[in-house]
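Numbering (mature numbering (1 follows the signal peptide of the UniProt record, and there is no 0)), first residue to last: -23 to -1, 1 to 74. Scroll down for the structure; my scribbles are underneath it.
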């Protein structure tokens, strides 16, 4: 009684996957953290929070603009030049703070 080629391939793949996952679990459990006591300063945490919030505001403002429904027509977006320059000014003002 012999094992078919397909069954042998499946068995080898399962063994390889299990050995890789076992090695990853052991490495994750027994490895030593590089800098266990390092954490960013309060000032850096606040700055990064401000950057994330500013980017979310910009993405939110961009998602509210109306885009043309079809790319083949000459429709324009409902956002005029003044609002786009206002958005750019807000972005630049936020980076200078």
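Each residue gets a CB set at the ideal place from its N, CA and C atoms; glycine is no exception. Quick caveat: nothing in here was measured; it's all calculated off a predicted structure.
Local Cβ density within 10 Å of residue i, reported as buried at 16 or more and exposed below that
i, result
"residue -7", "exposed"
Through-space distance from residue j to residue i, alpha-carbon basis
i, j, result
"residue 31", "residue 23", "12 angstroms"
"residue -14", "residue 3", "24 angstroms"
"residue -17", "residue -23", "13 angstroms"
Same chain, Cβ closer than 8 angstroms to residue i, neighbours up to 5 away in sequence not counted
i, result
"residue 36", "none"
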